[in-house]
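A quick write-up on the structure given underneath.
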Amino acid sequence: MNTLYYFIKIAKKNKIMLISYMAILIILTSLISGTYEDKYSRQKLNIGIIKNEDSQFGNSLIEYLDKENNIYYYDCQEAAELDLYTRFIDGIVEIPVDSEKILLSTNDPPLRVFTDITNSQSIFLHRIANKYPLYYKAMINAGQLDLERLSTALHEKAEVIFSSAQNVTEKRFHGFAGVYGFVVMMILIKLLGDLNISFNKKNIQIRNRISSKSNHRLKGEIMLAQILIAVLAFLIVIGFFLLVLFGEMLKSQSLAYYLLVIFLWTMVVALFSNLINQISKTKALNDIIGNALPVIIMFLSGSVLPIEFMPGFIQNIAKFSPLFYYNQGLLKISESNFDISGELLIVGAFGIAFYLTSIYLNKERKTETL
Amino acid sequence: MARMLTYIKYELKIFLGNYSNMFWMIAFPLLLLTVFTISFSGLRFQEPDLEKTPVAYHEEAFVPLYLVEAPKELPNMDMLDTSSIENSLFKGKAMAKDEALAALKEDQIDAYVDKDLSMVISRNGINQMIMDEVITTTKQISSLNLPLAAYDFNRNYVENSGEKYSSIDVIFYSLFAMVSLYGAYLAGTIGNRLIVRGQTVALRNATTSTPKAWQVMVSVAASFLWSLFMIAMMIIYTEFILKQNFFSPDINNIPLILSALIFGIAWGLFLGVMIKKESLQTAAIISSLLIMSGLSGLFSDGIRILIQRSFPLIFKFNPVSMIGDELIKVNMLGNYSTLNTTVLLLIGYSIILISISILHMRRKRV
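Below you can see the structure in the form of structure tokens.
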């Protein structure tokens with residue numbers, strides 16, 4: 001009970017940090033959830049315009065592009081180059097001097113387009129920009145130039161039906177579980193680390209030495225408290241998200257599997273924190289490890305970027321990270337493949353390894369002290 | 371000069387004497403750079419793998435789809451094989467709707483075009499956008515109701531200049547920009563030495579015979595040298611160890627980096643003078659640099675774009691964005707159009723911050 005009391009005290013001390021981590025969890029989950037759509041959305045293009053001519057053709061072209069896209073004006077290509085590099089804009093359309101004359105009296109291209117060939121949206125811009133002069137010239141050729149009619153025709157759109165068998169809430173919950181994987185690491189390493197450090201204070205150590213309780217029992221109690229704290233963190237965070245944000249998941253068949261993986265992961269993180277506590281004995285070092293290690297593991301385990309996009313050697317390194325198997329388990333569940341025993345076993349094995357190593361380090365340290 | 375160097379040596383020794391400072395000053399940026407390189411270097415200048423969109427269609431949709439890239443002289447349409455179609459944009463097979471929807475679910479095709487030219491998709495993406503555009507164009511041509519001979523489908527109406535760019539570089543350059551402001555950490559301690567707020571070091575400095583200008587100069591010189599060292603270390607680590615090409619040997623980098631270093635020192639001096647508590651000073655410097663860098667794209671290039679669209683003024687006057695953008699322009703684009711403005715603006719910011727700090731110090735030093 002004393003350990004739990006200390007924990008509450010430490011949690012109170014770190015309330016700003018805890019609120020920040022919860023905010024990170026909510027923000028990242030919302031951002032990821034936003035990428036799962038259940039309707040067709042034609043992404044707006046961001047187009048840079050360099051207008052060197054004030055003609056009927058140029059103005060009506062800009063009006064057309066402006067209807068369905070975001071338009072940004074620039075004086076010259078040099079001024080727009082950085083925005084194209086950073087993808088603030090997908091491409092630049094330049095209306096050169098005499099563009100209308102070029103369109104009507106020559107066979108040369110009346111428009112110039114600057115694109116980024118690494119950006120698929122940018123490649124798409126070429127097609128959009130090519131269409132308008134094609135229609136404009138066709139109307140002139142047919143002797144029927146009528147901008148209103150052209151504008152009406154450009155309003156014609158394909159009817160697109162979005163058909164998805166997958167449940168969007170499940171996809172969103174999958175995104176949340178992925179973010180939970182590394183945020184819970186940050187929370188538990190920090191909280192359990194501070195808890196452990198508070199027991200390393202000189203006066204508490206002296207009291208423990210003269211206490212009738214054996215050192216073994218004391219360590220066991222601290223360990224038990226750490227596990228209890230991890231269970232509490234799991235219940236509070238998952239309970240909050242399930243009840244407030246993912247109510248629909250309560251009916252889902254996959255929820256039990258998700259909860260199993262998430263719970264096991266939380267326990268493994270608690271054991272991992274215990275191992276870190278055997279290594280780091282100061283608050284500063286604990287802060288450094290608590291901030292840096294989850295970030296590194298997160299990048300190396302495919303939590304930020306799918307592991308397939310990473311170099312081969314990183315993909316091999318990822319196999320040594322328990323978070324990688326946690327992510328793999330989540331991925332399988334999201335694909336309705338509930339055979340996750342392999343992933344659970346590996347994650348569990350990591351947990352046992354962390355526990356055994358921490359016991360070994362604890363013994364080593366005790367021998368050194370004696 | 372030797373005395374100055376000794377002072378600087380001790381200044382750095384005291385500052386780097388604890389783990390926390392060592393981590394934030396050296397390990398943290400190098401760690402971030404390494405992690406970024408491992409994660410994102412493969413994405414730099416990577417072209418998307420655009421293959422022809424796999425589609426299925428109702429047999430009655432064949433003709434409009436065929437006409438998307440029809441040959442100059444149309445063949446006898448009745449003689450054409452309508453079971454499959456392929457052009458530069460898509461390849462497709464005629465399929466019954468149920469079969470096509472099953473194929474769509476299993477991601478074998480990206481879209482199904484029905485007889486009324488409506489399109490069924492199961493996810494959003496560039497292939498779906500291309501098919502939407504194809505069908506939309508067909509509908510628009512039909513709506514214009516002009517003779518087909520009026521259209522010159524073979525003429526190229528757009529002269530395209532395509533370049534390879536790398537938007538992910540924003541993350542790296544935000545990090546470089548943040549490191550260029552690292553002088554702020556050391557400069558943040560100047561206020562504590564000159565304003566007596568209860569610290570013994572300030573009391574000692576106030577009673578010493580060493581002039582205050584000399585004390586300030588030592589701290590400024592140490593901050594300057596430290597941030598210069600950090601920049602040099604980052605460049606060497608990036609170019610020679612990580613083998614990533616981010617810096618070109620361009621002389622225009624010098625005024626930009628120097629003005630960034632000066633701003634970093636001015637920023638640290640300002641926060642150190644204005645904030646009383648030492649622990650709060652460090653927290654303010656770390657968090658302000660991380661926030662400015664975060665807004666500039668350190669954690670995601672998407673955040674930068676979001677800020678640039680929603681709060682263009684914050685983005686425009688954020689010093690880290692200014693430095694990061696200018697580094698991209700100089701090193702990646704060879705574009706110097708805004709270099710002078712940026713350098714002058716950074717120096718202007720620094721002058722304002724230093725002036726406020728001096729005025730504040732003069733009022734508070736006794």
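The listed protein sequences derive, respectively, from chains A and B.
Note that the working numbering numbers the first sequence so that position 128 is 128, with each residue one more than the last.
Here the working numbering = 1-based position in the second sequence + 370.
C-beta atoms are modelled at their ideal positions from N, C-alpha and C, and glycine is treated no differently.
This structure is a prediction, so every number in the text was calculated from the model and none was measured.
Cβ-based neighbour list, residue i, same chain, cut-off 6 Å, excluding 5 preceding and 5 following
i: B:Ala470; result: Ala426, Tyr482
i: B:Ser450; result: Per the sequence shown, residue 450 of chain B should be read as Leu rather than Ser. None.
i: A:Lys190; result: Gly290
i: B:Ala547; result: Val690, Ile693, Gly694
i: A:Thr369; result: In this prediction, A:Thr369 has a pLDDT of 49, which is less than 50 and means its spatial position is unreliable; what the coordinates show is noted afterwards. So the list is empty, once near-sequence residues are dropped.
i: A:Ile128; result: none
i: B:Val736; result: Note on B:Val736: pLDDT 47, under 50, position unreliable in the model; the coordinate value appears next. Once the five neighbours on either side are set aside, B:Val736 has no close Cβ partner at all.
i: A:Leu293; result: none
Beta carbon of residue i nearer than 9 Å to that of residue j
i: A:Asn52; j: A:Glu94; result: yes
i: A:Phe431; j: B:Ile408; result: Residue 431 of chain A lies beyond the residue range present for chain A, which begins at 1 and ends at 370; the question has no answer from this structure.
i: A:Asn337; j: A:Gly181; result: no
i: B:Ser691; j: B:Phe633; result: no
i: A:Asn141; j: B:Ala520; result: yes
i: B:Ala630; j: B:Pro689; result: yes
i: B:Val504; j: B:Gly694; result: no
i: A:Ser280; j: A:Ile297; result: no
i: B:Asn701; j: B:Phe640; result: no
i: A:Ile276; j: A:Ile289; result: yes
i: A:Arg87; j: B:Met499; result: no
i: B:Leu598; j: B:Val713; result: no
i: A:Phe162; j: A:Leu271; result: no
i: A:Tyr40; j: B:Ile491; result: yes
i: B:Met395; j: B:Tyr555; result: yes
i: B:Met587; j: B:Met374; result: yes
i: A:Leu259; j: A:Ile238; result: yes
i: A:Val160; j: B:Ser488; result: yes
i: B:Ser727; j: B:Ala636; result: yes
Residues of its chain near residue i, where Cβ-Cβ distance is below 8 Å and the 5 sequence neighbours each way are ignored
i: A:Glu170; result: Met249, Ser252, Ser254, Ser334
i: A:Thr266; result: Val184, Leu188, Ala230, Val231, Ala233, Phe234
i: B:Ser707; result: Lys699
i: A:Gly58; result: Lys51, Ile95, Ser99, Glu100
Identified DSSP bridge partners for residue i
i: B:Met392; result: Partner(s): none; B:Met392 has no beta bridge.
i: A:Asp116; result: B:Glu533
i: A:Leu111; result: B:Val528
i: A:Leu51; result: It should be noted that the sequence gives Lys, not Leu, for residue 51 of chain A. The partner list for A:Lys51 (beta bridge, DSSP) reads A:Ile95.
i: B:Ser454; result: B:Lys463
i: B:Ile491; result: A:Phe162
i: A:Ile71; result: A:Ile47
i: B:Val483; result: B:Tyr427, B:Met489
Own chain, CB closer than 7 Å to residue i, minus 5 neighbours either side, in chain order
i: B:Met392; result: Leu386
i: A:Phe440; result: Residue 440 of chain A cannot be examined here, being either before or after the span of chain A that is shown, 1 to 370.
i: B:Ile601; result: Val549, Ser550, Ile627
i: B:Lys485; result: His428, Glu430, Ala431
i: B:Gln651; result: Gly558, Leu641, Gly642, Ile645
i: B:Ile656; result: Trp394
Contact test: residue i Cβ vs the ligand NAP heavy atom, cutoff 8 Å
i: B:Val438; result: Of ligands this structure carries none, so the ligand NAP is not represented either.
Identify each residue in the stretch 146-157 of chain A for which the Cβ-Cβ distance to at least one residue of chain B is less than 8 Å, and report them in chain order.
Arg149, Leu150, Thr152, Ala153, Leu154, Glu156, Lys157
Do the stretch 514-525 of chain B and the stretch 602-609 of chain B make contact, defined as three or more Cβ pairs closer than 8 Å?
no
Chain A contacts made by the stretch 498-511 of chain B, where a contact means CB separation under 9 Å
Gln498, Met499, Ile500, Met501, Asp502, Glu503, Val504, Ile505, Thr506, Thr507, Thr508, Lys509, Gln510, Ile511
Between the stretch 119-131 of chain A and the stretch 81-98 of chain A, do at least 3 Cβ pairs fall closer than 8 Å?
yes
Name, going along the chain, the residues of the stretch 302-328 of chain A whose beta-carbon falls closer than 7 Å to a beta-carbon of chain B.
Val304, Leu305, Phe309, Met310, Pro311, Ile314
Which residues, in order along the stretch 701-721 of chain B, keep a beta-carbon less than 8 Å from a beta-carbon of chain A?
Met702, Leu703, Asn705, Ser707
Stretch-stretch touch, CB-based, cutoff 8 Å, three pairs: the stretch 96-111 of chain A with the stretch 63-76 of chain A
no
With three or more beta-carbon pairs closer than 8 Å as the criterion, would you say the stretch 484-501 of chain B touches the stretch 411-429 of chain B?
yes
Residues in the stretch 675-705 of chain B with C-beta within 8 Å of chain A's C-beta atoms, listed in sequence order?
Ile675, Gln678, Arg679, Asp695, Ile698, Lys699, Met702, Leu703, Asn705
If contact means a Cβ-Cβ distance below 9 Å, which residues of the stretch 519-551 of chain B contact chain C?
Reference to chain C is not applicable here, since the protein chains of this structure are A and B.
Could you run through the stretch 131-142 of chain A and flag, in chain order, every residue whose CB is less than 7 Å away from some CB of chain B?
Lys131, Pro133, Leu134, Tyr135, Lys137, Ala138, Met139, Asn141, Ala142
Determine which residues of the stretch 277-288 of chain A have a Cβ less than 9 Å from any Cβ of chain B, and write them out in chain order.
Thr282, Ala284, Leu285, Asp287, Ile288
Cβ-based contacts, 9 Å cut-off: residues of the stretch 427-444 of chain B near chain A:
none
Give the residues from the stretch 80-92 of chain A that approach chain B closer than 7 Å (Cβ to any Cβ), ordered along the chain.
Glu81, Leu82, Leu84, Tyr85, Thr86, Arg87, Phe88
Contact set between the stretch 39-50 of chain A and chain B, restricted to residues whose Cβ is under 8 Å from the partner
Tyr40, Ser41, Arg42, Gln43
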